[in-house]
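Residue numbers (the numbering used here): 8 to 451.
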């Protein structure tokens, strides 16, 4: 349900002023000098190549699968009234620290050029674990063009557990940090475990998949999935966040109530999208990676990037789907009568190892620019961020050897907030933002 109460408008002005007047951080990463090989300096991905043939675009087609309403209603009836976003943020217990209060290693993971304007590190208990890693970010700036949802400005960061280390019960699971960003000087958050209803809503299981892409649009959260499944995206309704009742290691229904491996909240999936061409392969459907929202199209669109190995020769595809304009399908993709969603634009880029993608059309430009953040070939150290179009590519330079490896370490997805003009992203240790205008100046 859409929330447009009077509290939204009152909070918006103060939060916006606080963000726009924040001074740039004096961060260690801004002065880091990176030593790289000549290949890192000259590895230009070149111009985007449009993909227009039916053979190319057909591999990007999705089919929608919605969870029956009776299944979702049965689960809600059994677990109790959903708490939604406000219910989680009103009780958020974990605090983030601002950049200067973070460790030198934390700050060293930030972009070298351009420097972050705001940066935050996670609670020590979460940062200390090597088993859970963040890779994606979105927020209320994507959800609504005024940047506020319900009574809060909020961020959502997607984390994935290792498939080989840590407790076996946790391996491969996915969770999101729901962050209260009302006060830019004091961010707090709490965890929500992503789950999938089973047995017609009589139980649920954990989502066992990496979530490298994340977009919050209207009341829906779209999440990439690629581990052991033909599903490309899972869809969640943020109004359906449920409170667990039993603190146990099990996930799902337990004697006396509902458990989620110690998490206080779960978010059940309401649908998914699968490639009609099957599982991802080199010659077929792409392995879904980064996601972003583009409000510069009509209707708004979901931007996607293919995941390919940073050390491999396979170059990635970039494409977009249109969102539905039907009010009864808020936050879902536009589909035909058979439930199929076709890509409305697609390109091949000359890079690989993409961890972040963004599409934005500058005022007066005929076509949008595509911002592509990727890992270095060695997957060690800082990555690069390129702005590409059909004419060429540009990247920031840094260090004595004018390296292009200037972006964050193990950088994640990108999220542009129209309300403030900021781009949010994250490294393997920190959440950060900077104005899109600053990013563009560094790429000229």
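Where is the CB? At the ideal position from N, CA and C, for every residue including glycine.
| Query | Result |
| --- | --- |
| State the DSSP-derived secondary structure class of residue 204, mapped to helix, strand or coil. | strand |
| Can you find at least 3 beta carbon pairs, one from the segment 260 to 269 and one from the segment 90 to 105, that sit closer than 8 Å? | no |
| Pull up the CB-CB distance for residue 295 and residue 220, whole angstroms please, since I reckon it's below 8 Å. | 6 Å |
| Could you spell out where the alpha helix (DSSP H) holding residue 92 opens and where it closes? | 91 to 96 |
| State the CB to CB distance for the pair residue 403 and residue 359, rounded to an integer number of angstroms; the pair is presumed to be in contact (CB under 8 Å). | Contact flag wrong, Cβ pair sits at about 19 Å. |
| Roughly how many angstroms lie between the CA atoms of residue 146 and residue 222, to the nearest whole one? | 8 Å |
| What would DSSP say about residue 245, mapped onto helix, strand or coil? | helix |
| Relative to the C-alpha of residue 412, which candidate in 373, 428 and 384 has its C-alpha closest? | 384 |
| Evaluate residue 206 with the Cβ neighbour count: other Cβ atoms within 10 Å of its Cβ, from every protein chain shown; 16 or more gives buried, anything less gives exposed. | exposed |
| Out of 369, 275 and 395, point me to the one whose CA is closest to residue 380's CA. | 395 |
| Taking a contact to mean a Cβ-Cβ separation below 8 Å, would you say residue 123 touches residue 160 in this structure? | no |
| Less than 8 Å between the C-beta atoms of residue 116 and residue 435, yes or no? | yes |
| Kindly indicate which residue of 432, 303, 64 and 192 has the alpha-carbon position closest to the one of residue 374. | 303 |
| Is it a yes or a no for the segment 268 to 286 touching the segment 250 to 259, going by three-plus beta-carbon pairs under 8 Å? | yes |
| To the nearest angstrom, how far is it from the Cα of residue 351 to the Cα of residue 149? | 20 Å |
| Quick one: using the 10 Å Cβ neighbour count with 16 as the cut-off for buried, is residue 125 buried or exposed? | buried |
| At what residues does the alpha helix (DSSP H) containing residue 86 begin and finish? | 76 to 86 |
| Are the CB atoms of residue 66 and residue 284 nearer to each other than 8 Å? | yes |
| In the structure shown, what three-state DSSP assignment does residue 401 receive? | strand |
| If distances are taken between C-alpha atoms only, which option among 153, 172, 201 and 407 comes closest to residue 163? | 201 |
| Sorted by chain position, which residues of the same chain lie with C-beta nearer than 7 Å to residue 63's C-beta, five sequence neighbours on each side aside? | 353 |
| When the Cα atoms are used, what is the spatial distance from residue 418 to residue 442? | 17 Å |
| Within 10 angstroms of its Cβ, does residue 324 collect 16 or more other Cβ (buried), or is it exposed? | buried |
| Would you mind stating whether residue 245 and residue 92 have Cβ atoms separated by less than 8 Å? | yes |
| Indicate the three-state DSSP secondary structure (helix, strand or coil) for residue 305 in the structure shown. | coil |
| Quick test of your reading: residue 79 and residue 204, contact by CB under 8 Å. State the CB separation rounded to the nearest angstrom. | 7 Å |
| Please work out which residues of its chain come closer than 8 Å, Cβ to Cβ, to residue 347, disregarding the five sequence neighbours upstream and downstream, and give them in chain order. | 68, 69, 70, 71 and 283 |
| With DSSP as the reference, label residue 262 as helix, strand or coil. | coil |
| In chain order, which continuous runs of the beta strand (DSSP E) of length 3 or greater are located wholly inside the segment 89 to 149? | 125 to 128 and 139 to 146 |
| Please state the DSSP three-state secondary structure of residue 334. | helix |
| What is the DSSP secondary structure of residue 300, counted as helix, strand or coil? | strand |
| What are the boundary residues of the alpha helix (DSSP H) that residue 449 is part of? | 443 to 449 |
| Taking only beta-carbon positions, decide if residue 169 is within less than 8 Å of chain D. | Structure shown: chain D not included; a single protein chain is present. |
| What does a CB cutoff of less than 6 Å around residue 392 pick up in its chain, not counting 5 residues either side in sequence? | 380 and 414 |
| How is residue 329 classed by DSSP in three states: helix, strand or coil? | strand |
| For residue 232 and residue 81, I'd like the C-alpha separation in whole angstroms. | 25 Å |
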